[in-house]
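Colleague: So that we are looking at the same thing, I have put the structure below in structure tokens.
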Ligand code: SF4
């Protein structure tokens, strides 16, 4: 059974990911996951999230993938005791110390080895399997042949691979750039005076704009690319495997992971529905006749240049050097539908005027261009625009003038000028 696995930085993003077709989500708890800057869930929210996820027959995995320092012990044991009670479908762990404690304090929760543990060969996977791990999130640096080798050695181990999103110039997260540079006064500091990638607080220092100077060797430089904005020698492209899902299935990947617990609702909705469509077509043998729409879908949300990472070849020459560190972004989240009715309640994220070009998107690649919209304020009076600070409802019309009845959690997006 293949699984489409999406990030859930908070409860709202979790619901969006499921609405658009994710089979499972991964989320963080408190400060114990590698996305300390994602909203993460409070304990109360996490209990509700697990209840909600299980009520719709889906799965949720909790990341506890920081590297463990002795001073974290109490917090980790406390978190494990809590997880043992609320029963997520898995815990994502990189540190062997947390693995040890997990077996003692939460023995019934399946363990997934995080990509941060850098599992790069069949023997490492076998060792983890011997330790009772049910799934390995493969190192992002693995090629398809290496994945096949692991699958051959361990036919029953669940193999999860990152298929879309940001890459790291180091072995995923094993890097001190952010810690070092932030303590040198670069970037925004947190209370403890540093931002450590290994503690889930990477400042992505590798993607900053650098200038390379060598005082005495003017003619002895290595090739780097640059554009009018500068030079980016450590800036990785994003991974995008939308055209290669079949190859991953054939290699034995069982869980297809989308990176990005800090990504927006707009990003999650677009990327999840695009991969859902492709996976469903491949599994049911249907023709992929909406690929043009799928490509647009991946392109409308903020992203960097795409590559296939390490899956086909070592990307020494192309995949990890971008000519510009700019994130591309063409659209903005306008509103989310809160009720499925002719006059639908909306949650407004950005002010919408009559001049804005709106598109309604939903699951199964539903995409409807909106020709006209009638807004109503909280008292039911007609309004010319919808402000993000207040509740509004709206009647939507397509470009032929027909009323469109949206589904709850459908999204209205608009073109963006920034
Ligand atoms: S600074 Fe860059 S290379 Fe280092 S952990 Fe962060 S994303 Fe990875």
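In the numbering used here, the protein residues as written are -14 to 403. Just so you know, even glycine gets a beta-carbon here, dropped at the ideal spot from N, CA and C.
(1) I need the straight-line Cα distance from residue 242 to residue 44, nearest angstrom please.
(2) Rounded to whole angstroms, what is the Cα-Cα separation between residue 280 and residue 287?
(3) What separation, rounded to the nearest whole angstrom, lies between the Cα atoms of residue 271 and residue 7?
(4) Spell out a yes or no on whether the region 379 to 390 and the region 356 to 368 are touching, meaning 3 or more CB-CB pairs, one atom from each, closer than 8 Å.
(5) Locate the beta strand (DSSP E) running through residue 39, then write down its first and last residues.
(6) Inspect the beta-carbon positions of residue 48 and residue -6 and report whether they are closer than 9 Å.
(7) Report all residues from its chain with a CB closer than 7 Å to the CB of residue 261; omit the five preceding and five following residues, and keep chain order.
(8) Does the separation of the CB atoms of residue 371 and residue 328 fall below 9 Å?
(9) For a test of your reading of the model: does the CB of residue 48 fall under 8 Å from any non-hydrogen atom of the ligand SF4? Yes or no.
(10) Since residue 145 is in the beta strand (DSSP E), which residue starts that stretch and which ends it?
(11) Kindly list the residues whose CB is nearer than 7 Å to the CB of residue 278, restricted to its own chain and excluding five residues on each side of it in sequence; keep chain order.
(12) Measure the Cβ-Cβ separation of residue 123 and residue 145 and say whether it is below 9 Å.
(13) What are the uninterrupted segments assigned as alpha helix (DSSP H) that are 4 or more residues long and contained completely in the region 79 to 141, given in chain order?
(14) Could you give the distance in angstroms between the alpha-carbon of residue 331 and the alpha-carbon of residue 1?
(15) Keeping to the same chain, check which residues put their C-beta closer than 6 Å to that of residue 226; ignore five residues upstream and five downstream.
(16) Taking all protein chains shown into account, decide if residue -14 is buried (16 or more other Cβ within 10 angstroms of its Cβ) or exposed.
(17) Do residue 222 and residue 296 have their CB atoms nearer than 9 Å?
(18) How many Å lie between residue 410 and residue 367 at the Cα?
(19) Please identify the residue among 159, 157, 181 whose C-alpha is closest to the C-alpha of residue 165.
(20) Does the Cβ of residue 341 have 16 or more other Cβ atoms within 10 Å, making it buried, or fewer, making it exposed?
(21) Would you give the residue range spanned by the alpha helix (DSSP H) that residue 2 belongs to?
(22) Could you spell out where the alpha helix (DSSP H) holding residue 254 opens and where it closes?
(23) Would the C-beta of residue 51 count as close to the ligand SF4, meaning under 8 Å from any of its heavy atoms?
(24) Does residue 36 pass the burial test, meaning 16 or more other C-beta atoms within 10 Å, or should it be called exposed?
(25) With burial defined as no fewer than 16 other Cβ atoms inside 10 Å of the residue's Cβ, what is the status of residue 112: buried or exposed?
(26) Tell me whether residue 288 counts as near the ligand SF4, meaning its Cβ is closer than 8 Å to at least one heavy atom of that ligand.
(27) What three-state label does DSSP hand residue 58 in the structure shown?
(28) Using only the heavy atoms of the ligand SF4, determine whether one of them is closer than 8 Å to the beta carbon of residue 102.
(29) Measure how close the beta-carbons of residue 90 and residue 73 come, nearest whole angstrom, since I'm counting them as under 8 Å.
(30) In this structure, does DSSP put residue 351 in helix, strand or coil?
Modeller: Result, derived from the coordinates:
(1) If I take the Cα positions, the gap works out to 13 Å.
(2) The straight-line gap from Cα to Cα measures roughly 13 Å.
(3) So the alpha carbons of these two residues sit roughly 19 Å apart.
(4) Output reads yes: the region 356 to 368 touches the region 379 to 390.
(5) Element bounds for residue 39: not the beta strand (DSSP E) but the alpha helix (DSSP H), 28 to 40.
(6) Cβ atoms of residue 48 and residue -6: not closer than 9 Å.
(7) Sequence-distant Cβ neighbours of residue 261 in its own chain, meaning closer than 7 Å and more than five residues away, are -11, 5, 6.
(8) At a Cβ-Cβ threshold of 9 Å, residue 371 and residue 328 do not count as neighbours.
(9) For the ligand SF4, not one heavy atom lies less than 8 Å from the Cβ of residue 48.
(10) For residue 145, the enclosing beta strand (DSSP E) covers residues 143 to 150.
(11) Result list for residue 278: 350, 352, in chain order.
(12) Contact: yes.
(13) Those alpha helix (DSSP H) runs which fall completely within the region 79 to 141 and span 4+ residues are 81 to 90, 107 to 115, 129 to 138.
(14) Approximately 15 Å between the Cα atoms of the pair.
(15) Contacts found: 148.
(16) When all chains shown are included, residue -14 counts as exposed.
(17) No, the pair does not count as a contact, with Cβ atoms beyond the cut-off.
(18) Residue 410 cannot be examined here, being either before or after the span of the chain that is shown, -14 to 403.
(19) Looking from the CA of residue 165, the closest CA among 159, 157, 181 belongs to 181.
(20) With 16 or more other Cβ atoms from the protein chains shown falling within 10 Å of its own Cβ, residue 341 counts as buried.
(21) Unbroken alpha helix (DSSP H) run through residue 2: -4 to 4.
(22) First-last of the alpha helix (DSSP H) with residue 254: 250 to 269.
(23) No, Cβ of residue 51 sits at least 8 Å from all heavy atoms of the ligand SF4.
(24) Exposed, by the Cβ-count rule.
(25) The residue is exposed, with fewer than 16 neighbouring Cβ atoms inside 10 Å.
(26) Closer than 8 Å to some heavy atom of the ligand SF4: that does not describe the Cβ of residue 288.
(27) The three-state reading of DSSP puts residue 58 in helix, counting H, G and I together.
(28) For residue 102, the CB stays at least 8 Å from every heavy atom of the ligand SF4.
(29) Residue 90 to residue 73, Cβ: 14 Å. No contact.
(30) If DSSP states are grouped into helix, strand and coil, residue 351 belongs with coil.
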